[in-house]
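*Asks:* Chains S and L, in that order, are what the protein sequence lines are. Convert by adding 46 to the 1-based position in the first sequence; the result is the number in our numbering. Convert by adding 1468 to the 1-based position in the second sequence; the result is the number in our numbering. The beta-carbon is built from N, C-alpha and C at its ideal position, and this holds for glycine as well. There's a structure below that I have some questions on.
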Amino acid sequence: MVEKKDARFLVNQILDKVLEKGKISDDDKKVVNQKIEEEIIERPFRVAVIGQSGVGKSTTLNSIFGLTNYTSNLAEGTSEIIEKVFPMRDGFNLSLYDMPGLNNDVDKDAKYEEMYKQILPGCDVVVYVVNSHSRDFGEDCRILKEVVLPICNKNEIKDNLILAFNKIDTIGENIDPNDPELKWNIVENIPTEKLKKAIKTKLDDITDKLLDEDLIGSDEGLKPHQVVFYSAVFNYNLKDFLLAITKAGKRGWIWPATVGFERIGKWSDAKIG
Amino acid sequence: MTGVEQAEFDKLNSEQKEEYRYQQRKHPNWDHKKLMVKVGFSEKVDEIVDKNGGDVDPNDRDVMEELVKGVGNWLKRTLPRIWNGVKELFSNILTSIVNGVINFFDEILSQIF
């Protein structure tokens, strides 16, 4: 008989029903419950978020992982990245590594790169956040190609990586900050018609660049689902983000199978960061 | 185009074929794989701007499918003997999700079993 405490998460419910229907013995049910307990309770869900200051790491973490009022305030020249553990529900923990982006500073970048090498291999999901409205994300492409992807490939965790283009809501404001037609329609939480065209053009440029740089569409690059476009502030297109997490590596499914659906996209009103 | 590539191209609908040819003219250095990825992204971008934001639907079929796959793969890796006893059930759940028979996890848990 399965104890009630083992049926608290969605994954437990699915397994309980499947094992019951499959006429699996009580002893084997206990083994499965023990193993799933080890998988989701004894080991936190580890996420690393990499990004330059201002790309929206905090809002991303608040929206996607429901970290109420989390603020990313990495000190300049941070030399140590501390694992921050957030209790989610019923013993399931989210472990977060908030990491600075490389920034063309030889000394700091070497230090940060070393941190990436140490930390990324132990993470279930690695999110590299980019500003969608950046005029040129060539430097991000270089960092991904020369630093992040090689680390991921070497440690066989490329499937854990998500390239997250945040702030699609502000693409219009960077074209003409005085044009109200290029601002987000806050009332309906959708882009205006003019902004839709601007977003399409920008995302088209971004995907062209990613293809030209072999970051997607090549054996060395990412799979299409690993690239997501969203607005953390407005909870826009978080479904693609959740799907990318769910598909990530061997343990991405744990997030929606535990508290993901309850947490994602619920906290963006806080607009932290 | 190789035979396999031609077969992939033939499976595209007319709009996708048009987009493929447009991108081929625009990026003559791109191979078939890149052109196919670009066609997929062009559709994805259209979807992104045309849908509303808001909270993620907990009954989303794509996420459900990947979640069930993840649980199944975990069981297969961790306890292969037990997996062998239930793999057909997992397969049935996935088929039901993909075919749209199941819309909600509650239904997975109540109707299928």
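Can you find a CB in chain S that lies within less than 7 Å of the CB of Asp1530(L)?
*Replies:* Here the question's residue 1530(L) lines up with position 62 in the second sequence. At least one chain S Cβ lies under 7 Å of Asp1530(L).
*Asks:* Taking the continuous alpha helix (DSSP H) assigned at Lys63(S), which residues delimit it?
*Replies:* Counting from 1 along the first sequence, the entry for residue 63(S) is found at position 17. It spans Leu56 to Lys67 - the alpha helix (DSSP H) in which Lys63(S) sits, taken as one unbroken run.
*Asks:* With a CB to CB cut of under 6 Å and the five nearest residues on each side skipped, what residues in its chain are close to Gly263(S)?
*Replies:* Residue 263(S) sits at position 217 when you count from the first residue of the first sequence. Cβ neighbours of Gly263(S) beyond the five flanking positions: Leu257.
*Asks:* Given that a residue counts as buried once 16 or more other Cβ atoms are within 10 Å of its Cβ, and exposed if not, what is Val57(S)?
*Replies:* Locating residue 57(S) in the first sequence gives position 11, where the first residue counts as 1. Val57(S) should be labelled buried.
*Asks:* So with CB distances below 8 Å, who are the chain L contacts of Leu65(S)?
*Replies:* Residue mapping note: residue 65(S) aligns to position 19 of the first sequence, counting from 1. Neighbours of Leu65(S) on chain L, chain order: Ile1550 and Val1554.
*Asks:* Does any C-beta atom of chain S lie closer than 7 Å to the C-beta of Thr1470(L)?
*Replies:* As a working mapping, residue 1470(L) is identified with position 2 in the second sequence. Not closer than 7 Å to any Cβ of chain S, the Cβ of Thr1470(L) fails to qualify, so no.
*Asks:* Show which residues of chain S have a CB atom less than 7 Å away from the CB atom of Thr1546(L).
*Replies:* Along the second sequence, read from residue 1 onward, the residue named residue 1546(L) stands at position 78. Within 7 Å Cβ-Cβ: Lys81.
*Asks:* Since Gly1484(L) and Val1507(L) should fall inside the 8 Å C-beta cutoff, what is the C-beta to C-beta distance between them, to a whole number of angstroms?
*Replies:* In the second sequence, counting from the first residue as 1, residue 1484(L) sits at position 16. In the second sequence, counting from the first residue as 1, residue 1507(L) sits at position 39. As written in the sequence, residue 1484(L) is Gln, which differs from the Gly given in the question. The Cβ separation is near 5 Å, so the contact holds.
*Asks:* Please check if any C-beta of chain L sits within less than 7 Å of the C-beta of Leu279(S).
*Replies:* Position 233 of the first sequence, counted from the first residue, corresponds to residue 279(S). One point to set straight first is that residue 279(S) is Val, not Leu, in the sequence displayed. Closer than 7 Å: no.
*Asks:* Report all residues from its chain with a CB closer than 6 Å to the CB of Tyr1488(L); omit the five preceding and five following residues, and keep chain order.
*Replies:* Position 20 of the second sequence, counted from the start, is the residue given in the question as residue 1488(L). Counting only Cβ-Cβ distances below 6 Å, and skipping sequence neighbours, we find Leu1503 and Val1507.
*Asks:* For chain L, check one thing: does any of its Cβ atoms lie closer than 7 Å to the Cβ of Ile262(S)?
*Replies:* To locate residue 262(S), count along the first sequence from 1; it is residue 216. So yes, Ile262(S) belongs to the interface.
*Asks:* Could you have a look at Tyr116(S) and say whether DSSP puts it in helix, strand or coil?
*Replies:* The count along the first sequence starts at 1 and reaches residue 116(S) at position 70. In this structure, Tyr116(S) counts as coil in the three-state DSSP scheme.
*Asks:* Starting from Ile208(S), trace the beta strand (DSSP E) both ways and give me its first and last residue.
*Replies:* Here residue 208(S) corresponds to residue number 162 of the first sequence, with the count starting at 1. Counting along the chain, the beta strand (DSSP E) containing Ile208(S) begins and ends at Leu207 to Asn212.
*Asks:* In the DSSP assignment, find the unbroken beta strand (DSSP E) run with Tyr174(S) in it and report its ends.
*Replies:* Indexing the first sequence from 1 puts residue 174(S) at position 128. From DSSP, the beta strand (DSSP E) with Tyr174(S) extends over Val171 to Asn177.
*Asks:* Under 7 Å, Cβ to Cβ, is there at least one residue of chain S near Ile1516(L)?
*Replies:* Counted from its first residue, the second sequence places residue 1516(L) at position 48. Taking Cβ atoms only, chain S reaches closer than 7 Å to Ile1516(L), which makes this a yes.
*Asks:* Considering only DSSP beta bridges, list what Ala290(S) is partnered with.
*Replies:* Within the first sequence, the letter at position 244 stands for residue 290(S). Ala290(S) is not bridged to any residue.
*Asks:* In the DSSP assignment, the beta strand (DSSP E) including Met145(S) goes from what residue to what residue?
*Replies:* For the purposes of this step, residue 145(S) is taken as residue 99 along the first sequence, with counting starting at 1. From DSSP, the beta strand (DSSP E) with Met145(S) extends over Phe138 to Pro146.
*Asks:* Taking C-beta pairs closer than 7 Å, name the residues in chain L that Val131(S) reaches, listed in chain order.
*Replies:* Against the first sequence, residue 131(S) aligns to sequence position 85. Chain L residues near Val131(S): none, gap ~22 Å exceeds 7 Å.
*Asks:* For the stretch 194–271 of chain S, which segments carrying the beta strand (DSSP E) assignment without a break, of at least 3 residues, lie completely within its bounds, in sequence order?
*Replies:* Correct list: 207–212.
*Asks:* Output the distance between the C-alpha atoms of Ile1565(L) and Met1532(L), rounded to the nearest integer angstrom.
*Replies:* Position 97 of the second sequence holds residue 1565(L). Position 64 of the second sequence holds residue 1532(L). Rounded to whole angstroms, Ile1565(L) to Met1532(L) spans 8 Å at the Cα level.
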